[in-house]
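In the UniProt record's numbering, the protein residues as written are 1 to 120.
Accompanying notes for the structure given below.
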């Protein structure tokens, strides 16, 4: 089963939650992982089993990049907040760069997330 990573910055967590709610039937065909807070939010409100793997600012983005390198992640959906500076910006860029270099589809907004889930 392919794995999708779900991540959202704090100001975009509600957007991701709403997107997951609208796409939960399609998402059931995947193994799902997410940063700790994102996974908890979605798991508390929806009947999905998202495996938490780490907090983004505490190295979660780097852990995800490592899992991409190990071939464990097949798609990434990362609702980023481009209007707020993040202290771990280098980690975010490393994650994005790792996905791009390893030809892993990465969605950074709702429109691209829709495309990723529609195209198994």
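Virtual Cβ for every residue (Gly too), placed ideally from N, Cα, C.
Give me the Cα-Cα distance between residue i and residue j, rounded to the nearest whole angstrom.
| i | j | result |
| --- | --- | --- |
| residue 18 | residue 33 | 17 angstroms |
| residue 114 | residue 81 | 18 angstroms |
| residue 77 | residue 44 | 19 angstroms |
| residue 112 | residue 46 | 22 angstroms |
| residue 20 | residue 12 | 12 angstroms |
| residue 165 | residue 50 | Outside the shown range of the chain (1 to 120) lies residue 165, about which nothing can therefore be said. |
Can you tell me the Cβ-Cβ gap for residue i and residue j, rounded? I've got them flagged as a contact below 8 angstroms.
| i | j | result |
| --- | --- | --- |
| residue 9 | residue 79 | 7 angstroms |
Residue i lies in the beta strand (DSSP E); which residues open and close that run?
| i | result |
| --- | --- |
| residue 117 | Unbroken run through residue 117 is the alpha helix (DSSP H), 110-118; no beta strand (DSSP E). |
| residue 77 | 75-79 |
Let me check one thing: in DSSP terms, what residues is residue i bridge-paired to?
| i | result |
| --- | --- |
| residue 34 | 6 and 52 |
| residue 39 | DSSP, once it has assigned bridges, lists no residue as partnering residue 39. |
Measure the Cβ-Cβ separation of residue i and residue j and say whether it is below 9 angstroms.
| i | j | result |
| --- | --- | --- |
| residue 95 | residue 26 | no |
| residue 3 | residue 73 | yes |
Check for me: the alpha helix (DSSP H) holding residue i runs from which residue to which?
| i | result |
| --- | --- |
| residue 69 | 60-69 |
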